[in-house]
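All remarks here apply to the structure that follows.
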Amino acid sequence: MPAPNIDTIVSLAKRRGFVFPSSEVYGGLGSAWDYGPLGVELCNNVKQSWWRWLVYERDDIEGVDSSIILNRMVWQYSGHEATFQDPLVDCRECKGRFRADKLQEAYRQETGDSKLLVSESQVPFRSDRIKCPDCGEINWTQVRYFNLMLRTKLGATAEEDDPAALAYLRPETAQGIFINYLNVQTAMRRKLPFGIAQVGKSFRNEITPGNFILRTREFEQMEMEYFVKPDAEHFQLVDEWVEGYLEWFVGLGLDRDNLQLYEVPEQEMAHYSKRTVDIMYRYFPERAEEERQWEELMGIAYRTDFDLRSHSSKPTDEEGKRVNPDSTEDLSYFDEATKQRFYPHVIEPAAGVNRTVLAVLMDAYSEKTNDKGETRVILKLSPQLSPIKAAILPLAKNKPEIVGMAKAIKRALQPVLRAVYDDTGGIGKLYARQDEIGTPFCITVDHQSLEDEAVTVRDRDTWEQERIKVSDLAEHLQKRLKPQPNVEAATS
Ligand code: GAP
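Counting in the numbering used here, the sequence shown runs from 5 upward without gaps.
Below, the structure written as structure tokens:
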């Protein structure tokens, strides 16, 4: 049983130190969230699992970590300055602000009316029929485009309106990969096909952020650009990466039934894409099937040679003029086998850390009733993602020998796995707290432990207990913590 809705996770996340509303002491900052002690561990574990899978376990992918602020020309030639924008519309009655395309789509789904009134800004929007979702009135401003890139100014002496000082916080990590493509290919002596992976923060001035960490203005991406030849089977490669990611998500503990594929129609695709498949997660299980239960978890796009060509110095237009007179490099590739030079094509799986974390939390949520009839929350996280792997609990905190032994076990386990010592409550309370944060094992040290050098290991999911020798404990836990690949479930 996954979480019934996102709100259940919001309250668990705050109560147990995963995610807090940001800037709360000043009344918060709309749709910004801070990751607490357990949240930062969970995020790190997701990122490590991704990095291990792509950069370590495969032999054809390298990692990079590029700057968040890049030369402004990167965004001119990537097309983001001109096209990375959303249509925005305001309600004149209640001053509510919305995305015109989202309102139009919701209206079309609800009424079946697919007639389009095209506004002056060329955005199809039935401004004569669509009601404001907040106040119910029909009194809209003109639809206007709004660029989503967050602006900043570089340099201490920059004048307020000095265009030379204008810079952007990156809206995707991908461009930092493209501008480093040649550096990586040359330094690591790579031949096609190969990929470059990057994980890091991105920023978008979203018009309607919301739904907890699903849509925020600051978020983290895990992106990989896979460079292939122009005659590769690009659409088939998209399918292969979709399958690979489904398997990875199922391995992280997501139920395959809560994942769905969405073949993005042409009119919804980004300017660089020839084909995009989104992996959707059921973030809104409380909604009816015909309403929108699903939201994008990640996208896999075939970006053609658009980006490497755009950032290259050589390509010319029909009149023979250089398309990019500012670039100093040609990012083409010379294929030794065919003696041909070309711009590599790109398959891009782009995933969000925060959306993965939310999906993982929702799917891990479960409730169980104990013998006293009390309902307990158990977070059945895949052990590889659990912020804490083992909690060492002394049965009697006023017995120095028991406390000493428990603390020694904690110190001995720490080099191999994340362990904590806790004596801040009765054993029932301590178990419940660890269940709620997804700790797979509780280790209890009792009076008998002092005699037989053994401890009780309690399993989070079954509540079963077994007695294990302290000398065997690290190996026993490590064995049980190993990720269990669930290939069958991913492809069924
Ligand atoms: N380079 C391609 C790209 O950025 P995208 O579909 O715009 O593609 C990729 O973003 C992923 O980044 C999304 O599937 C989502 O997981 C995450 N993402 C995008 N915008 C986000 C936001 N405002 N808040 C949280 N995550 C976001």
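Cβ coordinates follow ideal geometry from the N, Cα and C atoms, glycine included.
For Met302, the shortest C-beta to heavy atom distance toward ligand 1 is below 6 Å. Each residue's CA atom was taken as its position, placing Arg415 and Ala7 some 35 Å apart. In this structure, ligand 1 has no non-hydrogen atom nearer than 6 Å to the beta-carbon of Ala363. Taking every protein chain shown into account, the CB of Tyr30 has fewer than 16 other CB atoms within 10 angstroms, so this residue is exposed. Per DSSP, Tyr39 is one residue of the beta strand (DSSP E) stretching across Trp37 to Tyr39. The beta carbon of Ala355 sits closer than 6 Å to the beta carbons of Met226 and Met302 from its chain, once the five residues preceding and following it are set aside; these are given in chain order.
In this structure Thr466 is exposed. Its beta-carbon is surrounded by fewer than 16 other beta-carbon atoms within 10 angstroms.
By the Cβ neighbour-count rule, Ala305 is buried, with 16 or more other Cβ atoms within 10 Å of its own. Remark: the shortest separation between the CB of Asn151 and any heavy atom of ligand 1 does not fall under 6 Å. According to DSSP, residue pairing for Asn151 in a beta bridge involves Gln89.
Closest option to Glu457, judged by alpha-carbon separation, among Lys393, Val474 and Arg464: Val474. About 4 Å separates the beta carbons of Ser26 and Ala36, which is inside the 8 Å limit, making them a contact pair. A distance below 7 Å separates the beta carbons of Ser386 and Leu256. Here Glu114 has no same chain residue with a Cβ atom under 8 Å from its own Cβ, once five neighbours each way along the sequence are excluded. Relative to the Cα of Met273, the nearest Cα in the group Glu61, Phe88, Val68 and Gln146 belongs to Phe88. Within the segment 284 to 322, the complete beta strand (DSSP E) segments at least 3 residues long are 299 to 308, listed from N- to C-terminus. Taking C-beta atoms as the reference points, Tyr347 and Arg313 count as a pair closer than 7 Å. Only buried fits Ile134, as 16 or more other CB atoms lie within 10 angstroms of its CB. Using a Cβ distance threshold of 7 Å, Arg307 and Glu352 count as a contacting pair.
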